[in-house]
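Visitor: Residue numbers (the working numbering), protein chains in the order written: chain A, 3 to 331; chain B, 2 to 283; chain C, 11 to 448; chain D, 12 to 204.
Ideal Cβ placement from N, Cα and C applies to all residues, glycine included.
Since the model is a prediction, treat every value here as computed from it, not as a measurement.
Here it is, the structure, as structure tokens.
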Amino acid sequence: MDNQLYLSSSPHIHSGETTDKVMRLVIYALLPATLVSIYFFGLPALGVLLICTLGCVAFEALSCNLMKREQTIADGSAALTGILLALNLPPSSPWWISLLGAAIAILIGKQVYGGLGYNPFNPALVARVVLLISFPVQMTTWTAPAPLGSGVDAVTAATPLGEIKTAVMLTGKLPELATSGFGDYFLGNMAGSLGEVSALALLLGGLFLLYKKIISWHTPLSFIGTVIVVSGIFWLVDPAKYPNPLFHLITGGLILGAFFMATDMVSSPVTYKGMLIFGFGCGLLTVLIRLFGGYPEGVSFAILLMNAATPLIDRYCRPKIYGQVEQKA
Amino acid sequence: MLTAILCLGGIGLIAAATLGVAAKKFAVEVDPREAAVLEALPGANCGACGEPGCSGYAKGVADGRLAPNLCTPGGSATIEAIAAILGIEAVAAEPRVAVVLCQGDNEKATEKYRYLGMADCNAAQKLADGPKTCPGGCLGLGSCAAACPFDAIEMTASGLAVINRDKCTGCEKCVSVCPRQVIVMAPKASTTHVLCNSRDKGAQVRKYCQVGCIGCNICKKTVPEAYQIESFLARVEYEQDENAAAAIEKCPMKCIHDFSTGYPEGSRLGSKKAASGENAAA
Amino acid sequence: MSLKTFAGGLHPPDSKSATAHKPIEACPLPEELIIPAAQHIGAPADICVAVGDQVKKGQVIATAKGFVSVPIHASTSGEVIAVEPRPHPLGRPLPAVVIKPDGEDAWDEALEQHDPAQLVGEELKQLVLAAGIVGMGGATFPAHVKLSPPEEKPIDTLILNGVECEPFLTADHRLMLEESTRVIDGINILRKILGIERAVIGIEANKPDAIEKMTAECAPHNIEVQALEVKYPQGAEKQLIDAVTGRQVPSGGLPMDCGVVVQNVGTAAAISDAVRLGRPLVERVATVTGPGIKEPKNLKIVIGTPLSHMVEFCGGLEGEPGKIIMGGPMMGQTQLSLEVPAIRGTSGLLLFRKGDFSTRPAGPCIRCGRCISVCPIHLQPTTIATYARLNLVDEAESNNALDCIECGCCTYICPATLPLVQSIRHIKGGIMAKRRKS
Amino acid sequence: MVSLLLILISAVFVNNFVLARFLGICPFLGVSKKVETAIGMGMAVIFVMSVASVVTWFIQYFILNRFGLEYLQTIAFILVIASLVQLVEMIIQKTSPVLYQSLGIFLPLITTNCAVLGVAVLSIQKSYSFVEAVVFALGAGLGFTLAMVLFAGLRERIDLCPVPNSFRGTAIALVTAGLLSLAFMGFAGLVKG
């Protein structure tokens with residue numbers, strides 16, 4: 003019996019909530035979106051998903067080996083990064099883009115900082131932005147959805163956000179598509195990266211995460227709310243030039259970003275107040291980049307920029323502690 | 002050409018005048034020796050001198066408040082440099098290194114309970130005085146290694162701290178952080194040590210450690226002047242230890258070790274033979 | 011009915027059903043009683059008996075040393091067979107008086123009975139001190155110290171802690187059900203000592219029978235009963251004060267700084283005995299429970315009973331123990347063996363088998379923020395723990411590490427199973443050491 | 012008014028001196044270990060930039076242009092900036108010794124800081140009016156401060172991370188600076204010019 007007894011500091015019970023469980027639930031929450039993307043974009047989408055996920059896991063294993071640290075692929079974080087990365091890539095991405103993305107995400111985005119929990123930026127977004135800047139052609143070649151079994155061949159198409167950007171630049175006026183076809187956008191029947199398409203599937207996943215209390219409502223609400231308010235103001239000022247808030251909401255990567263990328267715990271603030279500020283910043287930057295920037299979509303950049311501001315937000319958003327009404331004795 | 006010279010000269014003159022006035026107005030007195038001493042220090046901010054950091058020590062030395070030979074990490078070179086700056090003579094202190102007086106790793110010593118929690122010796126010590134059955138043995142959780150500013154402490158795979166005598170500068174950080182006082186400072190020239198820290202009776206020690214000192218007196222009988230036994234624990238007398246190594250073979254518990262023949266078993270430093278021999282002679 | 015509470019905290023499964031309905035049973039006397047001199051916060055008492063002495067139940071065997079200290083009494087009549095260091099709940103052998111009971115359990119005749127109506131506050135307080143009364147919730151802070159607020163800190167409210175928010179424990183719950191008269195009598199004495207009228211009993215809403223009974227019996231005495239939301243750590247002093255009065259104890263201060271004195275209901279019951287019967291604190295109610303015990307029970311034990319004896323009375327061990335916890339699962343202390351005695355602060359004995367608790371190694375913090383959202387003090391536990399890991403004392407101090415009440419919420423919820431409380435406790439030690447130095 | 016605002020936004024975000032123009036990298040990497048020092052450095056740079064742009068603007072238009080000495084621009088500007096920095100250094104040393112100590116060698120280095128000279132030269136190149144030049148300098152300084160503070164916050168956090176040995180110190184700082192600059196690319200095209 004000696005030596006079988008454990009001694010530890012209190013408390014002696016645990017909620018059972020573990021990191022790998024959190025990661026697993028987020029992966030489950032992404033399932034609807036991945037399935038929808040496979041439905042609309044077929045085998046290429048599946049290929050991107052597989053390469054990114056397996057690539058991320060492989061690079062994670064490799065770097066743990068190289069650094070002689072404990073193997074961490076079992077916690078599911080690498081697989082999650084892989085899925086998120088895939089959802090941020092166009093379905094037509096060549097295999098080497100996906101693989102390179104996986105390497106950037108895991109090696110530069112995460113492992114050089116010491117692995118899970120230490121990366122200041124969202125690894126999947128780091129990879130996406132590096133790819134977008136390095137390979138603009140491959141990263142902005144989109145295909146129109148060709149639902150499984152429809153027999154339609156994949157053809158090149160522009161994303162709704164891309165199309166209005168070009169149209170506004172050329173004519174100063176919004177094209178037709180900014181005011182109609184919202185039903186299709188909502189279901190995901192449009193061109194875009196894997197995870198940008200189906201607002202419905204992403205919302206389902208996001209609500210699941212909220213219900214499971216994996217994420218809190220603060221970040222998504224303030225992110226999406228800010229986008230609606232800011233884009234709404236512009237729309238009211240000039241409806242002919244600026245698309246309405248609903249268009250902003252269901253096209254592009256807003257839902258994916260708000261529920262799955264901005265809520266990435268590691269790279270976002272830890273306090274509720276911080277999360278609200280973070281979401282606000284993300285929303286504001288997203289609209290500004292979408293309406294005035296050089297890129298049609300601003301979610302990734304907005305989140306990365308706010309990731310950079312996270313340490314400062316945390317620093318200045320410490321909650322007021324109990325009993326700090328008077329000076330210390 | 003002339004305008005060019007005049008213009009530039011004019012600008013320069015105005016700037017110079019402003020600076021001149023400012024230099025008077027915002028003058029701050031600095032002891033140049035303080036900066037020079039700071040320059041000469043190794044900059045590890047280890048605290049071996051007793052000051053919070055190198056700049057504090059530099060100030061103290063320049064003020065004459067502190068002795069110039071307190072910087073152990075810097076060694077004799079630094080001391081000479083400081084002495085030269087201050088224009089005084091300073092005697093280098095005898096180099097000392099830290100020694101972990103324990104060989105009872107997880108395989109050789111027993112634990113009285115299984116510890117769950119923070120990997121820190123001081124935290125573990127608060128739970129029923131630490132998991133090791135031996136009240137003085139190394140807990141092996143690495144607080145000393147984490148505290149060492151010079152990366153001189155190695156934690157072996159089986160949970161024992163071993164101090165690299167080449168890297169150790171004698172700053173005593175590890176000594177102050179160890180909750181079990183198992184690390185002591187000893188002259189670098191003394192390479193033979195009794196690697197045990199248990200003051201329990203021999204019979205008790207045998208129960209929990211395969212390599213603990215049982216206070217059997219054999220070492221003292223072999224080399225009387227070099228050993229001293231107090232509460233069942235042998236210690237080397239560092240002033241007269243020339244022949245201390247002669248008792249190593251005689252020790253029934255194999256707890257006397259001569260670092261000039263390498264590091265204790267289990268250490269990755271072990272292969273580096275005579276790790277301290279030549280240095281100690283120098 | 012809207013329930014009062016505080017901000018933060020969480021609700022772990024309360025696991026009280028095994029003992030909540032079981033009446034308090036008296037645990038028979040063991041072969042020998044081990045009564046340590048250190049049973050309270052503050053200086054340990056001075057042992058004043060020697061081997062061979064015959065002692066009576068209630069006789070002083072160790073005298074108080076200093077203001078924050080209380081005397082220790084023999085818990086039964088018998089012979090002192092040893093005065094030596096014995097295993098102590100703190101984890102190391104500490105001085106203790108070992109008594110071999112003579113079986114008669116005879117009270118010391120010198121003990122006097124009093125009528126509280128005849129005495130003034132100061133006299134009552136002396137009786138409390140003489141009886142060695144300490145906080146029975148587990149903190150064991152000497153009661154007379156709390157009852158001696160300096161004049162510049164007027165007290166207006168007495169709060170009785172009947173919350174018992176620790177999972178598994180039901181001792182206070184049973185006490186309120188079975189000994190409500192003693193509790194109320196104790197409250198009346200406490201009010202007299204403090205010279206105040208307002209007294210509130212806070213009870214968590216998961217004890218509806220206790221709330222009902224106390225409400226009915228307190229009404230004639232003008233004592234309020236406040237039902238509180240079921241949330242841990244509702245019974246922590248600061249959180250209880252916040253919930254009941256809406257006041258906050260200033261950081262670094264004491265409850266008396268906001269005009270409140272908090273006492274456990276068990277303490278109130280003990281004070282009643284101390285005054286009316288003159289009987290010192292020699293027994294208490296403790297819950298013996300957990301999956302590692304055959305028949306979980308609420309026991310009335312005499313101070314100094316070895317844990318093994320209590321386990322035996324409860325039908326013995328169920329399987330092999332993996333953790334022996336004195337107190338509740340959130341704040342209790344693990345024990346080296348069952349040979350240690352129950353002391354005045356022992357509110358429960360909890361036995362876990364291997365597998366009943368997590369041995370998962372700590373992973374890296376994923377900054378999920380859960381620890382921050384549950385912290386009842388609104389600290390950032392993970393930040394402080396990071397500083398603790400790197401031994402950055404100043405940073406930890408400026409993050410208010412010293413305000414941590416070590417309730418364990420953060421560690422309970424942490425998905426990375428980081429030992430947050432232990433880290434914070436560790437760095438608190440570092441901060442105190444630094445303050446002593448300067 | 013709008014054009015002034017655009018100049019400001021452009022200088023702060025789109026054409027951030029550090030993260031988009033890659034000027035002033037030396038103090039950016041050197042004095043960004045702590046947020047407090049980063050703020051201090053940022054303030055010093057804002058001050059130096061604003062004053063320098065005022066002075067250089069006058070020198071350019073009232074002295075160099077008038078006497079046809081445009082070719083002396085660089086040397087004249089450096090002379091002015093160098094003395095300004097000396098002045099700032101003296102003031103900081105007197106008023107805030109702590110900040111002076113943590114800024115260390117980087118304070119005199121503002122002297123040769125390409126960012127300050129860059130502001131002066133660029134506002135002449137773009138033929139900004141006096142007000143525009145001041146706003147531009149202010150924006151550049153704010154942008155520098157913003158980049159410094161963001162970066163310092165990140166570095167403070169990274170200091171607590173178990174970065175692999177080979178990446179400790181400057182290596183990880185450079186990786187992070189790269190990623191930060193990447194994020195700032197998102198502002199590209201936000202304001203033309």
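If we count Cβ pairs, one from each stretch, closer than 8 Å, do we get three or more for the region 216-232 of chain C versus the region 182-202 of chain C?
Guide: Contact between the region 216-232 of chain C and the region 182-202 of chain C is present: three or more C-beta pairs spanning the two stretches fall below 8 Å.
Visitor: Helix, strand or coil for Tyr-228(B), going by three-state DSSP, please let me know.
Guide: strand
Visitor: Taking the straight line between their C-alpha atoms, what separation do you get for Met-383(A) and Ala-76(A)?
Guide: Given that chain A is displayed from residue 3 to residue 331, the structure contains no residue 383(A) and the question cannot be resolved.
Visitor: Taking just the CA atoms, how far does Pro-177(A) sit from Glu-19(A)?
Guide: Distance between the alpha carbons of Glu-19(A) and Pro-177(A): 49 Å.
Visitor: Pick from Gly-142(C), Asp-413(C), Gly-113(C): whose alpha carbon is nearest that of Gly-68(C)?
Guide: Gly-142(C)
Visitor: Output yes or no for whether 8 Å exceeds the beta carbon distance between Leu-117(B) and Tyr-8(A).
Guide: yes
Visitor: Which chain D residues are close to Leu-290(A), counting only those with a beta carbon under 8 Å from its beta carbon?
Guide: Leu-201
Visitor: So with CB distances below 8 Å, who are the chain B contacts of Gly-101(C)?
Guide: The answer, in chain order, is Leu-128, Ala-129, Asp-130.
Visitor: When you compare the region 152-166 of chain D with the region 81-91 of chain D, are there three or more beta-carbon pairs, one atom per stretch, that lie closer than 8 Å?
Guide: no
Visitor: So if DSSP puts His-31(C) in a beta bridge, which residue, or which two residues, is it bridged to?
Guide: The partner list for His-31(C) (beta bridge, DSSP) is empty, contrary to what the question assumes.
Visitor: Going straight from the alpha carbon of Ile-12(B) to that of Ser-107(D), what length do you get?
Guide: 29 Å
Visitor: Thinking just about the alpha-carbon of each residue, which of Val-22(B), Ile-164(B), Asn-70(B) is nearest to the one in Glu-266(B)?
Guide: Ile-164(B)
Visitor: Is the beta carbon of Gly-190(A) sitting closer than 8 Å to the one on Ser-182(A)?
Guide: no
Visitor: If we ignore side chains and look at the alpha-carbon of each, how far apart do Leu-20(C) and Leu-430(C) end up?
Guide: Note on geometry: alpha-carbon atoms of Leu-20(C) and Leu-430(C) lie some 16 Å from one another.
Visitor: Hey, out of Val-235(C), Cys-381(C), Glu-174(C), Leu-100(C), whose CA is closest to Gln-126(B)'s CA?
Guide: Leu-100(C)
Visitor: What does a CB cutoff of less than 7 Å around Gln-211(B) pick up in its chain, not counting 5 residues either side in sequence?
Guide: Lys-109
Visitor: For the region 422-441 of chain C, list every residue whose C-beta sits within 8 Å of some C-beta in chain B, in sequence order.
Guide: Pro-429, Gln-432, Ser-433, Arg-435, His-436, Gly-439
Visitor: Mark Arg-445(C) as exposed unless 16 or more other C-beta atoms lie within 10 angstroms of its C-beta, in which case mark it buried.
Guide: exposed
Visitor: Measure the CB-CB distance between Leu-238(C) and Glu-214(C) and report whether it falls below 8 Å.
Guide: Between Leu-238(C) and Glu-214(C), the CB-CB gap stays under 8 Å.
Visitor: Thinking C-alpha only, which one of Thr-86(C), Ile-51(C), Asp-166(C), Ser-87(C) is nearest Gly-76(C)?
Guide: Ile-51(C)
Visitor: If I follow the unbroken beta strand (DSSP E) through Ser-10(A), where does it start and stop?
Guide: 8-10
Visitor: State the DSSP-derived secondary structure class of Tyr-41(A), mapped to helix, strand or coil.
Guide: helix
Visitor: Between Leu-86(A) and the rest of its own chain, which residues show a CB-CB distance below 6 Å, the 5 nearest in sequence each way excluded?
Guide: Within the same chain, Cβ atoms closer than 6 Å to the Cβ of Leu-86(A) are found at Ala-126, the five residues on either side in sequence being excluded.
Visitor: Nearest chain C C-beta to Leu-27(A) closer than 8 Å, yes or no?
Guide: no
Visitor: With 9 Å as the C-beta to C-beta threshold (strictly closer), list the residues of the region 41-61 of chain D near chain A in chain order.
Guide: For the region 41-61 of chain D, the set of residues with a beta-carbon nearer than 9 Å to any beta-carbon of chain A comprises Val-46, in chain order.
Visitor: Taking 6 Å as the limit between beta carbons, can you name the residues of its chain near Thr-253(A), skipping five residues before and five after?
Guide: Pro-162, Leu-163, Tyr-187
Visitor: Assess, as a yes-or-no matter, whether the region 127-146 of chain B is touched by the region 96-114 of chain B under the definition of 3 or more beta carbon pairs within less than 8 Å.
Guide: Verdict: yes, contact present.
Visitor: According to the neighbour-count rule (16 or more other Cβ atoms, all chains shown, within 10 Å of its Cβ), is Tyr-72(D) buried or exposed?
Guide: exposed
Visitor: Check Ala-282(B) in the structure and name its three-state DSSP category.
Guide: Legend: pLDDT at Ala-282(B) = 37, less than 50; position of this residue unreliable, value from coordinates given subsequently. Note: Ala-282(B) maps to helix in three-state DSSP.
Visitor: Can you give the beta carbon distance from Thr-19(B) to Ser-94(D), rounded, assuming they're within the 8 Å contact cut?
Guide: 7 Å
Visitor: Does Leu-140(B) get closer than 8 Å to chain A when you measure Cβ to Cβ?
Guide: no
Visitor: Determine which residues of the region 103-116 of chain A have a Cβ less than 7 Å from any Cβ of chain C, and write them out in chain order.
Guide: none
Visitor: Could you name the residues of the same chain whose beta carbon sits closer than 8 Å to that of Arg-236(B), not counting the 5 residues immediately before and after it, in chain order?
Guide: In chain order, Val-195, Tyr-228, Gln-229, Ile-230 place their CB closer than 8 Å to the CB of Arg-236(B), counting only its own chain and leaving out the 5 sequence neighbours on each side.
Visitor: Note down, in chain order, each residue of its chain lying with its Cβ closer than 6 Å to the Cβ of Gly-204(D), except the 5 sequence neighbours on either side.
Guide: Its pLDDT being 48, under 50, Gly-204(D) is placed unreliably by the model, and the measurement read from it follows with that caveat. Contacts found: none.
Visitor: Quick one, which of Lys-26(C), Ser-25(C), Pro-38(C), Phe-16(C) has its alpha-carbon nearest Cys-324(C)'s?
Guide: Among Lys-26(C), Ser-25(C), Pro-38(C), Phe-16(C), the Cα nearest to that of Cys-324(C) belongs to Pro-38(C).
Visitor: Span of the alpha helix (DSSP H) holding Glu-40(B)?
Guide: 33-41
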